[in-house]
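Residue numbers are given in UniProt numbering: position 292 of the sequence shown equals residue 292, and the series is strictly consecutive.
To start, the structure itself, in structure tokens.
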Amino acid sequence: MNTKYLDLLAQKYDSEEKVVTEIINLKAILNLPKGTEHFVSDLHGEYQAFQHVLRNGSGKVKEKITDLFGEVLSEEEINEFATLVYYPEEKITLLKNAFDNETDLNQWYTETIERMLKLTSYASSKYTRSKLRKALPTQFVYVIEELLYKTDNDLNNKEQYYNKILQQIISLGQADKLIAGLAYTTQRLVVDHLHVVGDIYDRGPEPDKIMETLINYHSVDIQWGNHDVLWIGAFAGSKVCLANIIRICARYNNLEIIEDVYGINLRPLLNLAEKYYDDNPAFRPKVQSDEKQTNHEVLQSTKIHQAIAMIQFKLESPIIKRRSYFNMSERLLLEKLDYDRNEITIHGKTYPLENTCFSTINPEKPDELLEEEKEVMDKLLFSVQHSEKLARHMNFLMKKGSLYLKYNGNLLIHGCIPLDEKGKMEAMTIENKSYAGRELLDVFEHYLRHAFAHPEETDDLATDMVWYLWTGEYSSLFGKREMTTFERYFINDKESHKEKKNPYYHLREYENICRDILADFDLNPDHGHIINGHTPVKEISGENPIKASGKMIVIDGGFSKAYQSTTGIAGYTLLFNSYGMQLVAHKQFNSKEEVLLNGADVLSVKRLVDKELERKKVQETNVGEELLREVHILNRLMEYRYLN
Ligand SMILES: O=P(O)(O)OC[C@H]1O[C@](O)(COP(=O)(O)O)[C@@H](O)[C@@H]1O
Ligand SMILES: [Mn+2]
1 MNTKYLDLLA QKYDSEEKVV TEIINLKAIL NLPKGTEHFV SDLHGEYQAF QHVLRNGSGK
61 VKEKITDLFG EVLSEEEINE FATLVYYPEE KITLLKNAFD NETDLNQWYT ETIERMLKLT
121 SYASSKYTRS KLRKALPTQF VYVIEELLYK TDNDLNNKEQ YYNKILQQII SLGQADKLIA
181 GLAYTTQRLV VDHLHVVGDI YDRGPEPDKI METLINYHSV DIQWGNHDVL WIGAFAGSKV
241 CLANIIRICA RYNNLEIIED VYGINLRPLL NLAEKYYDDN PAFRPKVQSD EKQTNHEVLQ
301 STKIHQAIAM IQFKLESPII KRRSYFNMSE RLLLEKLDYD RNEITIHGKT YPLENTCFST
361 INPEKPDELL EEEKEVMDKL LFSVQHSEKL ARHMNFLMKK GSLYLKYNGN LLIHGCIPLD
421 EKGKMEAMTI ENKSYAGREL LDVFEHYLRH AFAHPEETDD LATDMVWYLW TGEYSSLFGK
481 REMTTFERYF INDKESHKEK KNPYYHLREY ENICRDILAD FDLNPDHGHI INGHTPVKEI
541 SGENPIKASG KMIVIDGGFS KAYQSTTGIA GYTLLFNSYG MQLVAHKQFN SKEEVLLNGA
601 DVLSVKRLVD KELERKKVQE TNVGEELLRE VHILNRLMEY RYLN
């Protein structure tokens, strides 16, 4: 090892004691049980439901409360206490209103703080004191450490001192803050690391708030979903991706995300839409039953929806033409359309068209944008690329995200590894070179990062490739042969709407297939699992999310409200702690208010995916490998500096 490096390191560890202390510390950590990993996917803007799952740690919080107080508290009291941990501020306000005198309230405070301390202490038992300290609310670190020590201490002689601290906290009006601080500490300790296996954006109303939560979360990684790359693509300069995100927002009645949240001016698009479009049943937004919308607003969204959809179809065409190896010429629909007969032939079958809105199309040059459309797109792109908030969110997606992740022996991917019917990895030829499996994903990621680094380039291969990831047949995120957006708007025959899935989706039921994939990613097929999102598991029709003898776990259970009727549940989450893996199914989450009032927890059926024979320790994890490397270096420093 380079002695220069060791000399530098010696500046930090400038005494033998310091090196020894750090080695002992790291070795101790290596022998602690592995922290809990929490996996979620397909959040689709459902911030409230996501918050709930984060706050209750997919049931882990309540499990700890039950372990501790199961004998002394009734079920109702446990529920109430659990709700207090999930939503401390709101629950304290609700509970406080029920007291009519100071003495009772103070008594409640004392009891509650003591319970919270026990819970925090229990939740931190597998971590070092230093980790606990970092998780504590900063303003109370000293006080909490004093109080926590009491719970470890059976000697009564400091009793009065502790009681005094508690009384002081209450009389100084700090009890609410302390309770809330301890509740958040517990939430944080219960989950060590969060994986978001794709699709934060689209369909639901508050993806931006999910992003803010993730930015502030203590430890997280993201595997991009097809919807996330669509947003990345828009920010990276792809106009067709941009048209898509606006179209989807219009379709789901979420244009506020574009306008109010990200500050992108939709006025030019609205003007164009008002000029060329009218009401059209195929383009009316999906309005949730609890949303209030005037007819005027619905009509506006309907017009914008048509305007941006037509721009999208036009923008697809030049990309398909300049990238022959995208193999998408079947999607040059505007050119195949018979404008006189109002019909279209796709894959040899002719369909009549309904609800058409082709007033901006010149049948001679159907993919040509009107001057006005061009201007609108230029302005929109400018606005998107200058949104400070969007820039922050997209930068975070890039920093914490990747197309796939190998983590603690598992492979995390949103969509699929494209396979042919025989289970062989499908190759795609890009610029005369052919790639499959992991290599293909690495190439995709390389292009995506390049596109993001060059937002000023809008028509280069890298930027086109981001769109390909959204919709191309060999995209590991899309996983279907073609996207039938056009057909769903304009053709009645539902046969034409079907999107044929990649064979991966039936082959992943087989263990040998999953083993091959794990091996392609240099993971040990005996121990690894593939963790997949993207396709809602139809639990309602008996589909099992655990496939291929446990090698494959599909965790898209439909956080997205739009999909809950097909899945029959409201999402899965996966937990992986030192004892093994558990899949948790969530029942429908209605509202935070309901949880607060009824203590109703929307959890959870659990299925054991895997049980470790021996408790897994930090040393067997990714983090452990890092720490071992550090220990190794510190040992070298010890020999070099202090042992001679
Ligand atoms: O029902 P919607 O919102 O129109 O979306 C349908 C489109 O969404 C997709 O299913 C992709 O979204 P998902 O990643 O959520 O599955 C496309 O395959 C399909 O064309
Ligand atoms: Mn998806």
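For each residue, glycine too, the CB sits at the ideal point set by N, CA and C.
query = Going by alpha carbons, who is nearest to G45 out of L255, E145, S124 and A243?
reply = L255
Same chain, Cβ closer than 7 Å to E316, neighbours up to 5 away in sequence not counted
V240 and R331
**Prompt:** For the beta strand (DSSP E) that contains V197, what are its first and last residues?
**Reply:** It is not in any beta strand (DSSP E) - V197 carries neither H nor E in the DSSP assignment.
Nearest-angstrom Cα distance between K134 and L84?
-> 22 Å
Using only Cβ atoms and a threshold of 5 Å, which residues come within that distance of a heavy atom of ligand 2? Order them by chain position. D199, G225, N226 and H534
| My guess is that L32 and K126 are in contact by the Cβ rule of under 8 Å, so how many angstroms apart are they, rounded? | 6 Å
Tell me whether the beta-carbon of A236 lies closer than 7 Å to the beta-carbon of A28. In this structure, A28 does not lie closer than 7 Å to A236 by Cβ.
> Taking Y447 as the reference, which of A462, S434 and Y435 has the closest Cα?
Replying inline: A462
### Message
Cutting at 8 Å between CB atoms, please list the residues of its own chain near S475, excluding the five before and the five after it.
### Response
Same-chain partners within the cutoff: N226, G415, P418, F444, Y468 and L469.
query = For ligand 1, any of its heavy atoms closer than 6 Å to the Cβ of E445?
reply = Within the chosen limit of 6 Å, ligand 1 does not reach the beta carbon of E445 with any heavy atom.
Between H393 and I232, what straight-line distance do the alpha-carbon atoms span, to the nearest angstrom?
Approximately 9 Å between the Cα atoms of the pair.
- Query: Does ligand 1 have a heavy atom nearer than 6 Å to the CB of M328?
  - Reply: Not under cutoff, so the answer is no.
Inset, instruction - With DSSP collapsed to three states, give me the class of E511. - result: helix
(request) Measure from the alpha carbon of I165 to the alpha carbon of each residue in W224, I210, N101 and E114, then state which is nearest. (result) Minimum Cα distance to I165 is reached at E114.
Practice problem: For E511, I'd like the list of residues in its chain whose CB is within less than 7 Å of its CB, leaving aside the five on either flank, ordered along the chain. | Solution: A548, S549 and K551
### Task
Could you say which of L272, P205, E212 and D493 lies nearest to E343 if we only look at CA atoms?
D493
So which of F589, G580 and N598 has the shortest CA-CA distance to Y572? F589
**Q.** CA-to-CA distance, V220 to L214, given in whole angstroms
**A.** 7 Å
Q) Quick one: does the C-beta of E499 sit closer than 6 Å to a heavy atom of ligand 1? A) yes
| query | Hey, out of T485, E456, K501 and L178, whose CA is closest to F478's CA? | reply | Closest by C-alpha distance to F478, out of T485, E456, K501 and L178, is K501.
Original post:
Where do the N-terminal and C-terminal ends of the alpha helix (DSSP H) with Q582 fall, by residue?
Top reply: Where Q582 is concerned, there is no enclosing alpha helix (DSSP H), although the beta strand (DSSP E) it sits in stretches over G580 to H586.
Quiz item: Is the beta carbon of I413 sitting closer than 7 Å to the one on Y407?
Solution: no
**Request:** Have a look at F576 and H38 and give me their C-alpha separation to the nearest angstrom.
**Result:** A straight-line Cα-Cα distance of about 7 Å links F576 and H38.
message = Could you check if Y211 belongs to the surroundings of ligand 1, using beta carbon to heavy atom distance under 6 Å?
response = Per the sequence shown, the amino acid found at residue 211 is Met instead of Tyr. For ligand 1, not one heavy atom lies less than 6 Å from the Cβ of M211.
DSSP-derived helix/strand/coil call for P352: For P352, the three-state secondary structure derived from DSSP is strand.
Neighbour-count burial assignment, Y149, 16 or more Cβ in a 10 Å radius: exposed
Applying the 10 Å Cβ sphere with the 16-neighbour rule, what's the burial state of S383?
Label assigned to S383: buried.
Quick one: what's got a C-beta closer than 7 Å to P363's C-beta in the same chain, skipping five residues either side?
Cβ-Cβ distances below 7 Å link P363 to Y339 in the same chain, with the five nearest sequence neighbours on each side left out; the list follows chain order.
Within the continuous alpha helix (DSSP H) that includes E63, where are the two ends? K60 to F69
If you drop the 5 nearest sequence neighbours on each side, which residues of the same chain put their C-beta closer than 6 Å to that of L136?
I144 and T185
_Inter-residue Cα distance where the pair is E159 and K64_ = 26 Å
**Study point:** Unbroken beta strand (DSSP E) run spanning H38, endpoints
**Key:** E37 to V40
- prompt: Terminal residues of the continuous alpha helix (DSSP H) containing L403?
  reply: Unbroken run through L403: none, as it is neither H nor E.
>> Can you tell me where the alpha helix (DSSP H) holding S434 begins and where it ends?
In response: For S434, there is no enclosing alpha helix (DSSP H); the enclosing beta strand (DSSP E) covers residues K433 to A436.
Quick one: give me the first and last residue of the alpha helix (DSSP H) that V298 is part of. N295 to R322
Q) So does M638 have its beta carbon nearer than 6 Å to some heavy atom of ligand 1? A) no
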